[in-house]
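Enquirer:
2 protein chains.
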Amino acid sequence: MALSSDLLRGYTDTVILCQLAEGDSYGYAISKQINALSGGQLEMKEATLYTAFRRMEQMGLIASYWGTEGAGARRRYYTLTPAGHEKAQEDIEQWQQTRRLLDRLLSFPGRAPKIEITVENE
Amino acid sequence: MALSSDLLRGYTDTVILCQLAEGDSYGYAISKQINALSGGQLEMKEATLYTAFRRMEQMGLIASYWGTEGAGARRRYYTLTPAGHEKAQEDIEQWQQTRRLLDRLLSFPGRAPKIEITVENE
DNA sequence: TGCAATACCTCGTCTGTCAATGTATTAAAA
DNA sequence: TTTTAATACATTGACAGACGAGGTATTGCA
Numbered sequence: 001m002a003l004s005s006d007l008l009r010g011y012t013d014t015v016i017l018c019q020l021a022e023g024d025s026y027g028y029a030i031s032k033q034i035n036a037l038s039g040g041q042l043e044m045k046e047a048t049l050y051t052a053f054r055r056m057e058q059m060g061l062i063a064s065y066w067g068t069e070g071a072g073a074r075r076r077y078y079t080l081t082p083a084g085h086e087k088a089q090e091d092i093e094q095w096q097q098t099r100r101l102l103d104r105l106l107s108f109p110g111r112a113p114k115i116e117i118t119v120e121n122e
Numbered sequence: 123m124a125l126s127s128d129l130l131r132g133y134t135d136t137v138i139l140c141q142l143a144e145g146d147s148y149g150y151a152i153s154k155q156i157n158a159l160s161g162g163q164l165e166m167k168e169a170t171l172y173t174a175f176r177r178m179e180q181m182g183l184i185a186s187y188w189g190t191e192g193a194g195a196r197r198r199y200y201t202l203t204p205a206g207h208e209k210a211q212e213d214i215e216q217w218q219q220t221r222r223l224l225d226r227l228l229s230f231p232g233r234a235p236k237i238e239i240t241v242e243n244e
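Protein chains in written order, with my numbering: chain H, 1 to 122; chain S, 123 to 244.
(1) By the three-class DSSP mapping on this structure, what secondary structure does residue 177 of chain S have?
(2) Would you call residue 84 of chain H buried or exposed, if buried means 16 or more other Cβ atoms sit within 10 Å of its Cβ?
(3) Mapping the DSSP letters down to three states, classify residue 38 of chain H as helix, strand or coil.
(4) Where residue 24 of chain H and residue 218 of chain S are concerned, what is the direct C-alpha to C-alpha distance, given to the nearest angstrom?
(5) Going by DSSP, what residues sit across from residue 130 of chain S in a beta bridge?
(6) Looking only at C-alpha atoms, which of H:100, H:98, H:79, H:106 sits nearest to residue 18 of chain H?
(7) Out of S:223, S:228, S:224, S:212, state which residue places its alpha-carbon closest to the alpha-carbon of residue 136 of chain S.
(8) With distances taken from CA atoms, which of S:133, S:151, S:223, S:142 is nearest residue 204 of chain S?
(9) Keeping to the same chain, check which residues put their C-beta closer than 7 Å to that of residue 187 of chain S; ignore five residues upstream and five downstream.
(10) Output yes if chain H places a C-beta closer than 8 Å to the C-beta of residue 134 of chain S; else output no.
(11) In whole angstroms, give me the CA-to-CA distance for residue 164 of chain S and residue 72 of chain H.
(12) Relative to the C-alpha of residue 4 of chain H, which candidate in S:229, S:221, S:226, S:228 has its C-alpha closest?
(13) Give the straight-line distance between the Cα atoms of residue 216 of chain S and residue 37 of chain H, rounded to the nearest whole angstrom.
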């Protein structure tokens, strides 16, 4: 079952940065890798991917260079800049916080332990 | 430290549905409640909130009625429809899946256990 | 009288996603 | 040989959601 991409909106850049943290790579490979890693749950569309590359290169988070493979279609490789490395780590910490927050907010009566809250208003 | 709302995009409706699962409520109260529950980390903006109400009422997930308070500004209360209840539960399950997926994708070398992957290409 | 809190609502802008479409290369199948 | 599939990159235009900025109205307090 595929996950709605809306639920992952905002994590596109982070996912790519974390892939690049494993080593330089290129669009097509990253696309396939994400697909494989997610067991088919997340398919990052090409338009989304290349838009993200463009955006992140402009922001100075990644840099690109053409591959030197003799045969086959040319590949544009991407590499993390120091700023990109930093961003990846920050994003991971943000994710930990977001996860905790959503776990707290998305409880359903009777399906998760209630939390004692005091709301000032009314 | 406030969380980027982009990271929570896609969960606006779910958060509201889960709040309503605790009992009927109205815009201003929900706004304050989310703020309190998140310890100030998530501030749901009014424009976002009322847009969501409108959207979800149109989708038949919630219904509204005017409060009967004698004094003070009038309140428009919202209540979950059966479809809204269902949606809330589905969304929670989706969240569990998304959380697992992001935990897998957002690992950073040396900061999380590596996962053995076999990628077919190259 | 003025201000803050409560309470609701809308418009226009911005950003990210993606369907659709296009290009080029290589290898294998028909 | 021609066609097909896989690899590989790229753009455009439409659409949806978040939100800054602005608006209205009521109540109570300083």
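Glycine included, each C-beta is placed from N, C-alpha and C at the ideal position.
Expert: The answer reads as follows:
(1) Along the second sequence, read from residue 1 onward, the residue named residue 177 of chain S stands at position 55. Helix, per DSSP.
(2) Counted from its first residue, the first sequence places residue 84 of chain H at position 84. Buried, by the Cβ-count rule.
(3) For the purposes of this step, residue 38 of chain H is taken as the residue at position 38 of the first sequence. Residue state, collapsed to three classes: coil.
(4) Translated into the one-based positions of the first sequence, residue 24 of chain H becomes position 24. Translated into the one-based positions of the second sequence, residue 218 of chain S becomes position 96. C-alpha separation (whole angstroms): 31 Å.
(5) Within the second sequence, the letter at position 8 stands for residue 130 of chain S. For residue 130 of chain S, no pairing in a beta bridge is given by DSSP.
(6) Looking up residue 18 of chain H in the first sequence gives position 18. Of H:100, H:98, H:79, H:106, the residue nearest in Cα terms is H:79.
(7) For the purposes of this step, residue 136 of chain S is taken as the residue at position 14 of the second sequence. Comparing Cα-Cα distances from residue 136 of chain S to each of S:223, S:228, S:224, S:212, the minimum goes to S:212.
(8) Sequence index remark: in the second sequence, residue 204 of chain S carries index 82 (1-based). Comparing alpha-carbon positions, the option among S:133, S:151, S:223, S:142 lying closest to residue 204 of chain S turns out to be S:142.
(9) Working through the second sequence from its first residue, we reach residue 187 of chain S at position 65. Counting only Cβ-Cβ distances below 7 Å, and skipping sequence neighbours, we find 199.
(10) Here residue 134 of chain S is taken as the residue at index 12 of the second sequence, counted from 1. Not one chain H Cβ lies under 8 Å of residue 134 of chain S.
(11) Start at 1 with the first residue of the second sequence, and residue 164 of chain S comes out as number 42. Start at 1 with the first residue of the first sequence, and residue 72 of chain H comes out as number 72. Using only the alpha carbons, I get a separation of about 48 Å.
(12) By 1-based counting over the first sequence, the position of residue 4 of chain H is 4. When each option's Cα is compared against that of residue 4 of chain H, the closest is S:221.
(13) Reading the second sequence from its first residue, position 94 is the one you call residue 216 of chain S. Reading the first sequence from its first residue, position 37 is the one you call residue 37 of chain H. Their backbone Cα atoms lie some 18 Å apart in a straight line.
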